[in-house]
Ligand code: EPZ
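Shown next, in the form of C-alpha cells:
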C-alpha cells in the first residue's frame, strides 16, 4: 500500500504541507523596489460563480494561485464544470454543468460558496448547498442572501445544515437589502441575469469587485447596470455566451504592500493597481506624513521617519476605509507616535491579531468593537499564530518591523489571499522565509 502522502495530488499535498508551514522573518529592514499586484481574490470568486451562468467556455486571463480560488474550482468541479490552467490563463468549461448538491466538505471551504447558490438559482431555478465557510471574523450569517432570494419568489428551506432553494416561481422584481452586503449583492446579480424581465436591487454594496462582476457578466452577454452605485438594474437575457475576461487587481493586497512600506520605511512602488480603489487608505497615509505619488496604474510610497498616529479610524462599506485592511492598519498605528482609536463596524470578531501583537510589545486595549492603540517605539520578534487571513497578513507586517526573529504559524490562512507573500516581500528587501522552523 503506497504511503498516504504519495497518493495525494500535488495540490492536496501542497495544501497539507502549507497547513504546517511557517514564515520566519528577521525584522528591521526598510523596503525598496517595485511589487506587482495580482488579480483580486474577492473579484475572482464571484466571477468564477458567474461562469456557471455561461453556456460556453470562459477564459479568465490573469489567474492567481490562491487556496480560496483553488477551493472554489473544486466546487465548480463537483458541478461538472471543469477548469484548467495554461500559464496564467484559466479555462472554465460549463458546457456539461450538472446541478448537484454541494456538500459541507466543499461549501465550508470558502465564504463565496453561498454565491454559487445565487448562480444555481439563476441557471436552474434551484439548488442545494451546505452552509458556507470563510474566516472566523464573526458569525457570518446569510440571512440577507436568503431574504433576497425569497423576495424574488424562491422557496428557501434550511434543514440539517443545508439550504434547499426551489425557484420554479422565481420572478424578476425589486429587492431592498437590509445592509449593503457584498456577497448578497453578488448573489442577486447572478440570480437576475437569466430571469425574464427587469430586476431592481437597492441598498446594494458599491465595492469595486461588484463593478468587476458587472463588467464580466456584460462581457458574457448579460444586461446589468448601476454597479458602484446603491441601485443595480438587471434585465434578464435568454443566455450568456462564453468569452475572455481579465479580473481587476486586488486592492487589499495593494493596500497591504503600501502599509508594509509605511511601517518599515523606504521607497516602494506598487504596480498594476488603481489608486481610486484605495483613496481612503491613501488619505490616511498622507495624514501620517507618508509621501505618496499616484499614477494611472501604480502608487509610489516613501516614508523615512516614524509616522504620526491617526486619531480615529473606522471601517465602513466602500468607499470608506475597508475592514480587510483594518488589522494591517492596526500594525502601523501600533508603531506610530501617538494614540489611535480603531472602530471595526463590519465584523464582530476582527481583532484576532491583537493578542499576537501584544506578544510583540504592542500596547492595544480592546472594548467591544473598539481598539485603543498607543504607539510604541519598538516591536520585538516573537512566535505568533495567524487566526485568519488578514490577521496573518498583519503579523507579517509586524514581523518586518520587529527587532529580531518572528515566526508565524498557520500560514495557510495567509495563502488564502496572498500568493507566495514571502517571495514578493523578499523582492523588496525583506528577510522572510517559508519552511518548517520548529
Ligand atoms: C466580502 O465578504 C469579502 N469576502 C470580505 O473579505 C469582506 O471583508 C466583506 O465582503 C466586507 O467588505 C469576499 O468577497 C469573498 P458582507 P461578505 O456580506 O460578502 C453582515 C477577506 O479578508 N451580513 O458584505 O461575507 C456580515 O455579518 C474577506 O478577503 C449579514 O448580517 O461580507 C457583516 O457584518 C473577509 N447577513 C456585514 O454584513 C448576510 O446575509 C458585511 O458582510 C450577509 C452579511
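Residue numbers (the numbering used here): 45 to 482.
Every residue, glycine too, gets a C-beta built ideally from N, C-alpha and C.
Environment of residue i [buried if 16+ CB atoms lie within 10 Å]
| i | result |
| --- | --- |
| residue 330 | exposed |
| residue 204 | exposed |
| residue 78 | exposed |
| residue 252 | buried |
| residue 350 | exposed |
| residue 224 | buried |
| residue 464 | exposed |
| residue 339 | exposed |
| residue 241 | exposed |
| residue 432 | buried |
| residue 412 | exposed |
| residue 371 | buried |
| residue 121 | exposed |
| residue 176 | buried |
| residue 336 | buried |
| residue 169 | buried |
| residue 129 | exposed |
Where the beta strand (DSSP E) containing residue i begins and where it ends
| i | result |
| --- | --- |
| residue 106 | Counting along the chain, residue 106 falls outside any beta strand (DSSP E), and DSSP gives it neither H nor E. |
| residue 137 | 133-137 |
| residue 347 | 342-347 |
| residue 475 | 475-479 |
| residue 429 | 427-429 |
| residue 416 | 414-418 |
| residue 174 | 170-174 |
| residue 127 | 126-130 |
| residue 296 | That residue, residue 296, is in no beta strand (DSSP E); its alpha helix (DSSP H) goes 295-308. |
| residue 409 | 407-411 |
| residue 276 | 275-279 |
| residue 289 | 287-289 |
| residue 142 | Element bounds for residue 142: n/a, residue is neither H nor E. |
| residue 218 | 218-220 |
Terminal residues of the alpha helix (DSSP H) in which residue i lies
| i | result |
| --- | --- |
| residue 328 | 323-331 |
| residue 359 | No alpha helix (DSSP H) contains residue 359, which is instead part of the beta strand (DSSP E) from 356-359. |
| residue 238 | Where residue 238 is concerned, there is no enclosing alpha helix (DSSP H), given that its DSSP letter is neither H nor E. |
| residue 459 | 455-459 |
| residue 440 | 433-445 |
| residue 88 | 85-94 |
| residue 403 | 398-403 |
| residue 465 | 465-471 |
| residue 146 | No alpha helix (DSSP H) holds residue 146; DSSP gives it neither H nor E. |
Coarse secondary structure for residue i, derived from DSSP in three states
| i | result |
| --- | --- |
| residue 213 | coil |
| residue 72 | coil |
| residue 193 | helix |
| residue 185 | coil |
| residue 201 | strand |
| residue 366 | coil |
| residue 154 | coil |
| residue 99 | coil |
| residue 337 | strand |
| residue 225 | coil |
| residue 231 | helix |
| residue 256 | helix |
| residue 318 | coil |
| residue 64 | helix |
| residue 118 | helix |
| residue 271 | strand |
| residue 81 | coil |
| residue 312 | strand |
| residue 246 | strand |
For residue j and residue i, believed in contact at Cβ under 8 Å, the rounded distance
| i | j | result |
| --- | --- | --- |
| residue 441 | residue 307 | 5 Å |
| residue 363 | residue 385 | With a Cβ gap of about 21 Å, residue 363 and residue 385 do not count as contacting. |
| residue 232 | residue 220 | Going by Cβ atoms, the distance from residue 232 to residue 220 rounds to 11 Å, so no, they are not a contact pair. |
| residue 469 | residue 305 | About 10 Å separates the two Cβ atoms, so there is no contact after all. |
| residue 301 | residue 314 | 5 Å |
| residue 310 | residue 369 | Incorrect: roughly 19 Å between the Cβ atoms, too far for contact. |
| residue 477 | residue 74 | That belief does not hold up - the Cβ atoms of residue 477 and residue 74 are roughly 19 Å apart, past 8 Å. |
Residue i vs residue j beta-carbon contact at 7 Å
| i | j | result |
| --- | --- | --- |
| residue 239 | residue 216 | yes |
| residue 366 | residue 257 | no |
| residue 438 | residue 379 | no |
| residue 194 | residue 210 | no |
| residue 358 | residue 389 | yes |
| residue 270 | residue 277 | yes |
| residue 429 | residue 456 | no |
| residue 151 | residue 234 | no |
| residue 92 | residue 284 | no |
| residue 214 | residue 236 | no |
| residue 418 | residue 383 | yes |
| residue 106 | residue 83 | yes |
| residue 461 | residue 85 | yes |
| residue 111 | residue 459 | yes |
is_contact[residue i, chain C] using C-beta, thresh 7 Å
| i | result |
| --- | --- |
| residue 377 | Absence of chain C from the displayed structure is noted, only one protein chain being present. |
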